[in-house]
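A.B. asks: From first to last, the protein sequence lines stand for chains A and B.
Anchor point for the first sequence: position 76 equals 231 in the working numbering, and the numbering is continuous, going up by one each time.
Anchor point for the second sequence: position 331 equals 916 in the working numbering, and the numbering is continuous, going up by one each time.
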Amino acid sequence: MTGSMPAELTVLAQLLLNGLALGAAYALVALGFVLILNATGAINFAQGDMVMLGGYAAVALARVLPVSGLVLLPLVMLAMAGFGLLFSLLAWRPFRQRPPIFGLLATVALGLTLQEAMNAVEGAAPQAGPTLFGPGEIRFGPLGLSRASLGILIACLGLGLAQAWLLGRTQFGRRLRASAQDPVTARALGIPVDRLIAASFMLAAALAGAVGLLLSGPYFVTPTAGNDLILRAYIAVTIGGWGSLKGAVAGALLIALFESVVAGYASSTVATAALYGAVLLLLVVRPAGLFPAPLGRRA
Amino acid sequence: MRLLAALMLALVAIPAAADPVRLPILVPVTGFLSLEGTSQRNGALLALKQAPAGLAVGEVVDTATAPENAVNALLRVLDQGPVPAIVAPMLGTQMLALMPTALEEKLPLITVSGTASLTEQGNPWVFRFFPSDRLAKEAHVRYAVEQLGKRKLALIYQTTAYGQSGAAYIAAAAKRHGASLVFSEGIDTDVKDLAPILGRAAGSGADVLLLHLHAGSTALAIRQVAALGITLPVVAGSALHQPATAALLDPKELKGVCAESGASPVSGGSPRLDRFLADYRAAFGADPDAYALAQYDGTQMLLDILAKGARTGEQVQAALAADPWDGVAMHYASDGHGDMAHSVVILCYDGLTRVPKIVQRYDGLDAG
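1. What first and last residue would you give for the alpha helix (DSSP H) that runs through Gly-1009 (chain B)?
2. If you follow the beta strand (DSSP E) that His-725 (chain B) is part of, which residue opens it and which one closes it?
3. Kindly give me the distance between the Cβ atoms of Val-478 (chain A) and Val-417 (chain A), rounded to whole angstroms, as I take these residues to be in contact under 8 Å.
4. Assuming Pro-828 (chain B) is part of the beta strand (DSSP E), what are its boundary residues?
5. Thinking C-alpha only, which one of B:Asp-924, B:Gln-885, B:Ala-892 and B:Gln-880 is nearest Ala-673 (chain B)?
6. Considering only their Cβ atoms, is the gap separating Pro-285 (chain A) from Ala-380 (chain A) smaller than 8 Å?
7. Between the segment 193 to 206 of chain A and the segment 217 to 232 of chain A, do three or more beta carbon pairs fall short of 8 Å?
8. Going along chain B in order, which residues have a C-beta closer than 8 Å to the C-beta of Thr-268 (chain A)?
9. Tell me, please, whether the CB atom of Ser-979 (chain B) is closer than 8 Å to any CB atom in chain A?
10. Who are the Cβ neighbours of Gly-258 (chain A) in its own chain at under 7 Å, not counting the five residues just before and after it?
11. Hey, out of B:Gly-748, B:Ala-756 and B:Gly-841, whose CA is closest to His-797 (chain B)'s CA?
12. For Thr-195 (chain A), which of helix, strand or coil comes out of DSSP?
13. Assuming Ile-695 (chain B) contacts Ile-741 (chain B) under a Cβ cut-off of 8 Å, what Cβ separation, rounded to an integer in Å, is found between them?
14. I need the straight-line Cα distance from Ser-855 (chain B) to Val-913 (chain B), nearest angstrom please.
15. Quick one: what does DSSP say Gly-643 (chain B) is sitting in, helix, strand or coil?
16. Measuring straight from C-alpha to C-alpha, what distance separates Leu-681 (chain B) and Leu-703 (chain B)?
17. When we look at the beta-carbon of Val-439 (chain A) and count the other beta-carbons within 10 Å, is it buried (16 or more) or exposed?
18. Given this structure, state the Cα-to-Cα distance separating Met-273 (chain A) from Leu-676 (chain B), to the nearest angstrom.
19. Cα-Cα, which of B:Thr-678, B:Thr-897, B:Ala-655 and B:Pro-828 is closest to Val-940 (chain B)?
20. Exposed or buried, which one is Ser-399 (chain A) when buried takes at least 16 other CB atoms within 10 Å?
21. Using a threshold of 8 Å, state whether the C-beta atoms of Arg-761 (chain B) and Gly-666 (chain B) are closer than that.
22. Does Thr-393 (chain A) pass the burial test, meaning 16 or more other C-beta atoms within 10 Å, or should it be called exposed?
23. Along chain B, in chain order, which residues have C-beta atoms closer than 8 Å to that of Pro-281 (chain A)?
24. What does the alpha-carbon distance come out to for the pair Arg-452 (chain A) and Asp-337 (chain A)?
25. Using a 10 Å radius around the Cβ and a threshold of 16 neighbouring Cβ atoms, would you call Ser-304 (chain A) buried or exposed?
26. Measuring alpha carbon to alpha carbon, tell me which of B:Met-886, B:Ile-815, B:Leu-794 and B:Ala-806 ends up nearest Asp-775 (chain B).
27. Looking at the unbroken beta strand (DSSP E) that takes in Lys-942 (chain B), where does it start and where does it end?
28. Of the residues that make up the segment 367 to 382 of chain A, which ones have a beta carbon closer than 9 Å to any beta carbon in chain B?
29. For chain B, is any of its Cβ atoms less than 8 Å away from the one on Glu-271 (chain A)?
30. Look at the Cβ atom of Ala-185 (chain A), then the Cβ atom of Gly-406 (chain A), and state whether they are nearer than 8 Å.
31. To the nearest angstrom, how far is it from the Cα of Leu-688 (chain B) to the Cα of Val-711 (chain B)?
32. When you compare the CB of Pro-669 (chain B) with every CB in chain A, is at least one pair closer than 8 Å?
33. Among residues of its own chain, excluding the 5 on either side of Ala-96 (chain A), which ones have a beta-carbon nearer than 7 Å to its beta-carbon?
34. Looking at the structure shown, is Val-434 (chain A) part of a helix, part of a strand, or coil, going by DSSP?
35. To the nearest angstrom, how far is it from the Cα of Pro-378 (chain A) to the Cα of Ala-212 (chain A)?
36. Under a Cβ-count criterion, where at least 16 other Cβ atoms within 10 Å of its own Cβ denotes burial, should Leu-618 (chain B) be classed as buried or exposed?
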């Protein structure tokens with residue numbers, strides 16, 4: 156029994172390590188989702204499709220610029236930030252004086268349009284994008300992690316910390332949070348609320364672009380790839396607390412934990428059922444999520 | 586007098602024969618099956634392009650994924666006048682929805698759908714030019730058991746209708762051939778990390794790994810099998826034969842991996858196949874898969890029937906049911922239930938290129 160313990164622990168540690176990389180990517184998607192939710196009060200159902208678009212942007216850039224994903228990452232984020240601005244003009248600005256449901260429906264429509272547009276342009280076949288650190292695996296003693304997963308982990312950690320700094324420690328972040336909490340007062344104080352909301356869309360789209368590139372290498376990209384991600388982001392935010400950034404990260408990691416560890420010991424269908432069972436239980440015992448935010452009470 | 590009557594009849598017949606026949610091509614070119622649906626469309630269009638001038642004109646209609654889309658598309662086509670046959674979608678659920686209308690309208694449906702139950706409904710208007718899942722999975726298991734000498738099978742399948750139906754046929758075929766399914770588990774199409782399931786499959790005592798997955802999951806599984814250093818031989822489903830799937834993988838990751846398919850056009854092997862490959866690449870700028878070739882063969886047979894004068898659904902149906910056809914992929918003939926294709930190939934990758942070699946051919950398959 157004692158002899159088998161280290162092997163069992165190794166298996167568990169390996170599953171956790173694999174789950175951590177995926178969870179980090181899910182966390183970035185969820186963070187982008189929360190950014191727009193907090194800025195506009197509306198759910199952006201196209202966040203997953205923005206990830207998909209980022210994946211295709213990476214594939215397209217890699218065709219003309221066959222370099223490491225590390226070089227392409229800022230280019231993709233920049234391009235997607237531009238798209239985020241366009242997205243805000245189409246999905247939020249025309250409906251900003253109307254109830255949030257208008258914005259929500261606009262994001263659904265734009266997301267579906269993106270899917271069909273990419274289907275028409277690139278076809279439905281999965282495509283592989285670049286990776287940050289190339290192919291192969293890195294060993295950490297008995298544990299192994301693919302270079303692609305390591306790239307996801309490092310990039311997501313870096314981007315997550317950068318976002319936390321931007322929102323928590325800069326004037327831009329303080330203004331953004333003030334606008335989200337009380338846009339009327341913020342406007343009265345001279346804060347350019349509309350511009351800050353547009354900036355939130357740009358930031359969320361840039362994060363989506365980063366995840367798109369990071370996932371397109373090891374997991375490929377298809378026009379419908381965003382559908383699964385938006386569901387995970389939505390659940391992550393529900394678990395973590397509606398509008399809470401740290402809650403979104405915690406929720407995303409929890410989802411990945413189920414997908415990796417529970418699937419490792421039972422099956423992926425059991426893992427999915429167990430995850431949704433846990434979400435239902437959480438909604439009963441802690442309806443505001445693990446880290447309730449003020450917006451959650453307002454929503 | 587009789588000569589005059591014959592001449593009059595011929596004169597009347599000439600304009601009718603000169604009118605191009607409308608040939609609706611109802612295929613899913615958007616949605617989750619659009620990769621395969623586009624291949625199906627291209628195969629039909631290439632056959633039409635090579636048909637005698639003025640014989641037929643194709644009308645492509647996208648059926649997307651919902652059964653009602655396919656039914657609406659068919660009704661719209663029929664509203665515009667009679668047609669002698671339909672190139673019908675490869676999506677099994679759409680075919681099942683179209684079959685009652687085909688029966689009512691006496692309209693042959695020419696498809697490449699693998700859903701076995703289509704030809705088990707007693708509907709005489711369905712003609713399938715692709716091996717059914719029943720036959721494909723028979724070959725899949727037979728190759729693992731007879732050629733690789735394996736008896737303990739691990740199966741990873743997709744939890745979609747396609748995946749579950751194939752898994753049932755694999756389980757039945759394994760039993761028939763004296764093999765045991767020591768591991769069998771389904772995964773959703775959105776599962777990205779396959780390491781947990783692959784680890785359990787490898788640790789199950791199996792001596793071969795069978796995959797019955799859609800294209801993306803197939804590529805992910807093969808990539809992760811290579812990354813995890815799993816040494817079990819892998820025999821995949823037909824999704825791997827599609828050039829777009831193999832293109833996702835490094836040739837080294839594909840080394841030793843085999844798959845079943847109706848055909849492997851990119852592998853070449855005959856002058857007719859080489860010509861088809863060249864024509865397809867010239868027309869569409871892409872490599873064809875087995876669905877494109879099967880639909881090309883099916884449409885060519887249909888066009889030949891039309892060229893011989895058939896103009897009604899009943900005439901076309903009678904010819905499809907009775908006549909054999911020497912296609913590019915294989916020899917086709919109805920088994921009395923509308924199944925025209927009875928051959929499956931096994932192809933394997935050598936680790937140097939993404940073009941597989943056909944290593945085994947099963948003709949006249951009958952899984953009972």
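Even for Gly, the Cβ is constructed at its ideal location relative to N, Cα and C.
As the structure is a computational prediction, the values presented were derived from the model and not from experiment.
C.D. replies: Reading off the structure:
1. In the structure as shown, chain B begins at 586 and stops at 953. Residue 1009 (chain B) is therefore absent and cannot be evaluated.
2. Looking at the DSSP string, His-725 (chain B) is not in any beta strand (DSSP E); the run it does join, the alpha helix (DSSP H), is 718 to 727.
3. This structure leaves residue 478 (chain A) out entirely; chain A is present only between 156 and 454.
4. Going by DSSP, Pro-828 (chain B) is part of no beta strand (DSSP E) but of the alpha helix (DSSP H) stretching over 828 to 831.
5. The residue among B:Asp-924, B:Gln-885, B:Ala-892 and B:Gln-880 with its C-alpha nearest the C-alpha of Ala-673 (chain B) is B:Gln-880.
6. In this structure, Ala-380 (chain A) keeps its C-beta atom at 8 Å or more from the C-beta atom of Pro-285 (chain A).
7. Segments in contact, no.
8. Here the premise fails: no neighbours, minimum Cβ distance about 12 Å.
9. There is simply no residue 979 (chain B) to check, as chain B begins at 586 and stops at 953 in what is shown.
10. Around Gly-258 (chain A): Thr-195, Ala-197, Ala-246, Trp-247 and Phe-250.
11. Selected option, being the one with the closest Cα: B:Gly-748.
12. Thr-195 (chain A): helix per DSSP, three-state reduction.
13. The beta-carbon distance between Ile-695 (chain B) and Ile-741 (chain B), rounded to whole angstroms, is 33 Å. This is too long to meet the 8 Å contact definition.
14. When rounded, the separation of the alpha-carbon atoms in Ser-855 (chain B) and Val-913 (chain B) is 9 Å.
15. Looking at Gly-643 (chain B) - three-state DSSP - the assignment turns out to be strand.
16. Answer to the nearest angstrom: the Cα atoms are 7 Å apart.
17. Val-439 (chain A) is exposed by the Cβ-count criterion.
18. One C-alpha to the other measures close to 21 Å.
19. The shortest Cα separation from Val-940 (chain B) among B:Thr-678, B:Thr-897, B:Ala-655 and B:Pro-828 belongs to B:Pro-828.
20. With 16 or more other Cβ atoms within 10 Å, it is buried.
21. Taking 8 Å as the Cβ cut-off, Arg-761 (chain B) and Gly-666 (chain B) do not qualify as a contacting pair.
22. It is buried - the Cβ of Thr-393 (chain A) has at least 16 other Cβ atoms within 10 Å.
23. The answer, in chain order, is Ala-800, Gly-801, Ala-804, Ala-829, Thr-830 and Leu-833.
24. Caution is warranted here: a pLDDT of 42 is assigned to Arg-452 (chain A), below 50, making its placement in the model unreliable, and no coordinate value can be reported.
25. Around the Cβ of Ser-304 (chain A), a 10 Å sphere holds 16 or more other Cβ atoms; the residue is buried.
26. The closest CA to that of Asp-775 (chain B), considering only B:Met-886, B:Ile-815, B:Leu-794 and B:Ala-806, is found on B:Ala-806.
27. Under the DSSP assignment, Lys-942 (chain B) falls in the beta strand (DSSP E) whose first and last residues are 942 to 947.
28. Shown in chain order are the members of the segment 367 to 382 of chain A whose Cβ falls below 9 Å from a Cβ of chain B: Leu-370, Pro-373, Tyr-374, Phe-375, Thr-377, Pro-378, Thr-379, Ala-380 and Asn-382.
29. Glu-271 (chain A) has a beta carbon lying within less than 8 Å of a beta carbon in chain B.
30. Contact flag set, yes.
31. A direct Cα-Cα distance of roughly 9 Å separates Leu-688 (chain B) from Val-711 (chain B).
32. Answer no: the Cβ-Cβ gap between Pro-669 (chain B) and chain A never drops below 8 Å.
33. Nothing about residue 96 (chain A) can be reported from this structure: the residues present for chain A run from 156 to 454 only.
34. The answer is helix: DSSP assigns Val-434 (chain A) an H, G or I state.
35. Taking the straight line joining both Cα atoms gives about 12 Å.
36. Flag for Leu-618 (chain B) reads buried.
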